[in-house]
Each structure stands twice: as C-alpha cells, then as structure tokens.
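Numbering (this note's numbering), first residue to last: 52 to 405.
Glycine included, C-beta positions come from ideal geometry on N, C-alpha and C.
Everything numeric in this text was worked out from a predicted model, so none of it was measured.
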Amino acid sequence: MGGRRPTCCEVSGPLGGSALDGGSEAFVTLTTNDSYAKGALVLGSSLKQHKTTRRLVVLTTPQVSDSMRKVLETVFDEIIMVDVLDSGDSAHLTLMKRPELGVTLTKLHCWSLTQYSKCVFMDADTLVLANIDDLFEREELSAAPDPGWPDCFNSGVFVYQPSVATYNQLLHMASEQGSFDGGDQGLLNMFFSNWATTDIRKHLPFIYNLSSISIYSYLPAFKVFGANAKVVHFLGQIKPWNYTYDAKTKSVKSESQDPTMIHPEFLSLWWDIFTTNVLPLLQQFGLVKDTQSHLNEEDVSGAISHLSLGEIPAEAQPSVSSEERKERWEQGQADYMGADSFDNIKRKLDTYLQ
Ligand code: UDP
Ligand code: GLC
Ligand code: MN
C-alpha cells in the first residue's frame, strides 16, 4: 500500500480514504497477467508522477504471479483479486482480429468497488502525460469517442460510479445478450447506449484518450492538438512492452512493419518511465536479473525486433513508386517505419506550411 493519505479526518471506513482529500475516489486499472502488469505499473507511476490526489487501485486475477503482485503493491494503494470473466465469444473477437480480448469482460468487476463513490477506469496500456484529476468532476458514463467508430465510446478510459445494481445489470446483459465485439467495449456501449446522443458533458475530449493509431490517421490534427494530450492509449495488438528498448541510445526497436506502429516519442516516454521507475522494482522482487543484460531479453520486453524506429537504412527500404505508395496508403498499408514515417510526413507538412 502506498500510504500517501493523511490519517487525520478519515471518514469513509476501512480503506481510510476521506471525502475531503478525494479518498473515496480512485483510478482503477486491470491486469490478468504479468505482461499487462508492466503496463499497469507504468500507468500507476505516471499518475503518481503527475501528483494525483486520488487512490490507485488495480484489479488482478490469480494468473498474476505472487512476485508481480508484490511489485504492484508498491505502486498501487489497493490490489483487488477478482475472477476472470471471459466472453469466450471467438466469433466477434475474430471480427476485431483480437481473439485474446474475451477476458476484458473482467473489467466489469470495477463496478463492484462500492467503497469508492466515483472512479476513473484506465486500461493498463494507457499512459498519463498530465494531471487528470479533473475527470472526477464528470459523471457516469463519461468517455472519449472510439477512433474506429466515434459514435461508440472507447472503454480504455472512462468515469463511472461503482454500484452493485449496475454491476449485476451488466453481468446480466453479458450473459443474456453478449457483447457485440466480444469484449467489454461492445457490452458497455450496449448498456450506456445513449452516450452518443444525450449529454455532451459525457463526451471526454479526445486528449484524455489519444489512441496512438489516430496520430497517423489525422496527422494535421495531431500536429495542432497533440501537445495538449493528457493520456495516450497504446490501443492495438502490439503494446509498448512488446518492443525492444536500447537503454544506451534510449531508443525503441521494432522489426515488424506494423501499421498500428506507436508514435516513437510516446513509446520512448513509456520505456523511460519503465526503466526508471518500474525496472528497479522488478529487479528487487526477482522478476528480472540485472539492468544491463535484461533489456533485450524476452522476459521483460517480450521483444521481437531489430530495427530502430525512424532509423531504417535507406537500402533496407524497397523502392516504391509514388503511385504505388499512394495506393498502399489508401489501402491502409502505409510504410510507417519508412517513407510514411512520422518524421518524413512531418518534414513534408512543414514544407507545405512554410
Ligand atoms: N487486459 C488484461 N489481460 C489481457 C487483455 C487485456 O488484463 O490479456 C486488460 C488490460 O487492462 C488492457 C484492457 O484489458 O489494457 C483492454 O485490453 P487492450 O488494452 O489490449 O485492448 P485495446 O485497447 O488494445 O483494444
Ligand atoms: C477496445 C478498447 C479496450 C477494450 C476492447 C474490447 O478497443 O480499447 O479497452 O477492452 O476494445 O472491447
Ligand atoms: Mn487498451
């Protein structure tokens, strides 16, 4: 437990939080395994770095190792063990090309945290760039639009009110109707179905859940508004911890020409927090060996890559005519690491704007 709360004037029972200091409000995340736990730890560290006054809670399942649970205890105020809820809905999950996301229904347990009056749920693959305690001024269910279908909200960041009644209704809906995407986001959008049309205050600005993939799909907007981002969400199959990081050059490597390639600056920031704040804890609890040797090892990064972002030697890139390149871009097959890299596009935009 973090023990950051003052102990005077506690009013809200066993958790020791106080309504006065925001103790009955919490940021909540989820990890069902040791991989997402790395994300949760970076998220928790980033919330602390930006001096949140709210409590930090992580939901875990029995698959998380004991050592990892001990590390989580050093960053989070409360660790809550929950059962895995899995939709097992491979048909819908296949449509999303994310067969592994059935377990995201486990997120529904967050409504059972009735010791808190209000919470902000954040995916373990999010990173906080500024203080976001102002989110607690919003009501349930506040969330930002999903970049893929903006009439749906993205369930990577949302403000909600714990309630046994809502929790039971959600579980009932999950078992009776299922989720249209096989994960929590489909279900939550079915449940809070008037989100798109009723109350604009429940639409969080996109800067509270900036999906890394949107950066490339609307680069001019990112250029103007990107600096205001408060939360970046590494949405998609490849997560920051799947890349290899070179601690000496402070750069991230990747071998795949991944179309959802994460913006290198945010990726480096994630890794910076990881190496500075999280890695020493993992070492302390015996989850990695030593700083020098582990960084390229599978156990920490789950890494697969050799190329550094934005640093592909010219001869490594197949030459493609501009017509072919345009066609590939339109088919969603942009060469994000080469010709269509952020740096290249930015350079081009800069020349237009000058
Ligand atoms: N999650 C988890 N274990 C898993 C998959 C997901 O704990 O095996 C949790 C984790 O908090 C994660 C969230 O569910 O951030 C949603 O999954 P993910 O972020 O991978 O979905 P995306 O945002 O990429 O669609
Ligand atoms: C989304 C959300 C994620 C959710 C998943 C499954 O893409 O970002 O939070 O768990 O869909 O519904
Ligand atoms: Mn996510």
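Proximity of the beta carbon of Asp-128 to ligand 1 is not indicated: no heavy atom of the ligand is located closer than 7 Å.
Sorting Thr-80, Asn-260, Thr-326 and Ile-266 by C-alpha distance to the C-alpha of Thr-157 places Thr-80 at the top. Bounds of the beta strand (DSSP E) holding His-284 are 282-284. In this structure, the beta-carbon distance from Lys-148 to Trp-292 does not fall below 8 Å. According to the DSSP assignment, Asn-219 belongs to the alpha helix (DSSP H) that extends over 215-227. Scanning Gln-100, Val-210, Ser-230 and Val-171 for the CA closest to the CA of Val-154 turns up Ser-230. Out of Gly-139, Leu-261 and Thr-326, the CA that lies nearest to the CA of Gly-234 is found in Gly-139. As a beta-bridge residue in DSSP terms, Met-173 pairs with Val-208. When the beta-carbon positions are compared, Leu-192 and Val-208 stay at least 8 Å from each other.
The nearest non-hydrogen atom of ligand 1 is 7 Å or more from the C-beta of Val-179. Ranking Lys-102, Val-303, Thr-177 and Leu-286 by CA distance to the CA of Leu-94 puts Thr-177 first. At least 8 Å separates the beta-carbon of Ser-116 from that of Asp-137. Closer than 7 Å to some heavy atom of ligand 2: that describes the Cβ of Gly-237. Rounded to the nearest angstrom, the Cβ distance from Pro-256 to Ala-195 is 7 Å, consistent with a contact under 8 Å. Rounded to whole angstroms, the Cβ separation of Val-179 and Ser-262 is 15 Å, and the two are not in contact under 8 Å. Nearest C-alpha to Leu-330 among Ala-278, Tyr-267 and Val-122: Val-122. Look at Ser-138 here: in three-state DSSP terms it is coil, with no helix or strand label. Put simply, the backbone Cα of Pro-315 is about 27 Å away from that of Leu-107.
Taken from the Cβ of Gly-233, every heavy atom of ligand 3 lies 7 Å or farther away. Remark: the shortest separation between the CB of Asn-84 and any heavy atom of ligand 1 falls under 7 Å. Of all alpha-carbon atoms in Thr-112, Ser-226, Thr-217 and Glu-76, the one lying nearest the alpha-carbon of Val-133 is that of Thr-112.
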